[in-house]
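Enquirer: Residue numbers (the numbering used here): 202 to 485. Sharing a structure, written as structure tokens. Questions coming.
Printed below as a string of structure tokens:
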């Protein structure tokens, strides 16, 4: 029975570490539709940076902070410089890119810190907690790991379910994909908070557009008994305010904004970076 408890606790403490790595993979996939095969190598690289900080005489907590900042910077650089260039292209491009990054980091780490195996120093004791007359396989460091992962998990739940940023990430991950299946030509990382699109095959939405709740893109009209329709194009970075209506034959230039509850009439062409509003909408 004692061995069963030890193996169970050891599995739990090891499992939460793998769960944290899996969570990172899922977050990247949900936001970019890219599987990052270099995720483990990036974690290893930032861990070596933290070890270097400890070797210089700084505390465990300083090293942890440096590792977090280094991971944030490394992830941001990889996304901006590498991943964004292949995002939306053939899936094989992202696979080759992240595998190449994995090989690069795996080769770079021993060149900087040497090829010998090293262990990361634990700030808390790794000796099992004593229960009665025996020790169980659950050390203070294991408890710290469990608490840290649970705190991160709760923080992510709050982020995705209780904040506008989390809502935007969820919408950017799923709504554009659903729109593509319905025939809309949608770019990358479009935030769709509930835009109604009647003629989906007549609408083109560029990258990084924002479609707020209650907005409508309508590509048809019945005029004097004649049904009319035309394409509507939103170029990269456009914002459609909540409750706004865009009629048919409209083009919104790059970065253009339409204020909430506005009506953009048929055939209008909004210049790039312009701000329009009103009913009918005009330049502001």
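C-beta: ideal position from N, C-alpha, C; glycine also. It should be emphasised that the depicted structure is a prediction, and the values quoted were computed from it without experimental measurement.
Helix, strand or coil: which one does DSSP assign to residue 253?
Expert: Within the chain shown, numbered from 1, the residue matching residue 253 stands at position 52. DSSP places residue 253 in helix when its eight states are reduced to three.
Enquirer: Per the contact definition of three or more C-beta pairs closer than 8 Å, is the region 439–456 in contact with the region 414–422?
Expert: At 8 Å Cβ cutoff, the stretches touch.
Enquirer: Quick check on residue 317: does DSSP put it in helix, strand or coil?
Expert: Against the chain shown, residue 317 aligns to sequence position 116. It is coil, neither helix nor strand.
Enquirer: In terms of alpha-carbon separation, which member of 392, 331 and 469 lies closest to residue 411?
Expert: Translated into positions along the chain shown, residue 411 becomes position 210. Closest option to residue 411, Cα to Cα, is 392.
Enquirer: On the criterion of 16 or more Cβ atoms from any shown chain inside 10 Å, does residue 209 qualify as buried, or is it exposed?
Expert: Taking the chain shown and counting its residues from 1, one reaches residue 209 at position 8. When all chains shown are included, residue 209 counts as exposed.
Enquirer: For the putative contact between residue 462 and residue 438, defined by C-beta atoms under 8 Å, what is the C-beta separation to the nearest angstrom?
Expert: Taking the chain shown and counting its residues from 1, the one referred to as residue 462 is at position 261. Taking the chain shown and counting its residues from 1, the one referred to as residue 438 is at position 237. Not quite, the Cβ-Cβ distance comes to about 21 Å (not below 8 Å), so this is no contact.
Enquirer: CA-CA distance, residue 302 and residue 477?
Expert: Locating residue 302 in the chain shown gives position 101, where the first residue counts as 1. Locating residue 477 in the chain shown gives position 276, where the first residue counts as 1. Going from the Cα of residue 302 to the Cα of residue 477 covers about 44 Å.
Enquirer: Residues bridged to residue 572 by DSSP?
Expert: Here the chain has residues from 202 to 485 only, and residue 572 is not among them.
Enquirer: In chain order, what residues of the same chain have a beta carbon less than 6 Å from the beta carbon of residue 404, not counting five sequence neighbours either side?
Expert: The sequence position of residue 404 within the chain shown is 203, counting from 1. Within the same chain, residue 404 has close Cβ partners 385, 398, 418 and 433.
Enquirer: In terms of residue numbering, what span does the alpha helix (DSSP H) encompassing residue 283 cover?
Expert: Working through the chain shown from its first residue, we reach residue 283 at position 82. Taken as a continuous stretch (DSSP letters only), residue 283 belongs to no alpha helix (DSSP H), as it is neither H nor E.
Enquirer: If you drop the 5 nearest sequence neighbours on each side, which residues of the same chain put their C-beta closer than 6 Å to that of residue 408?
Expert: Residue mapping note: residue 408 aligns to position 207 of the chain shown, counting from 1. Around residue 408: 388, 389 and 437.
Enquirer: Tell me which residue opens and which closes the alpha helix (DSSP H) that residue 346 is part of.
Expert: The residue you call residue 346 lines up with position 145 of the chain shown. That run of the alpha helix (DSSP H) goes 341–363.
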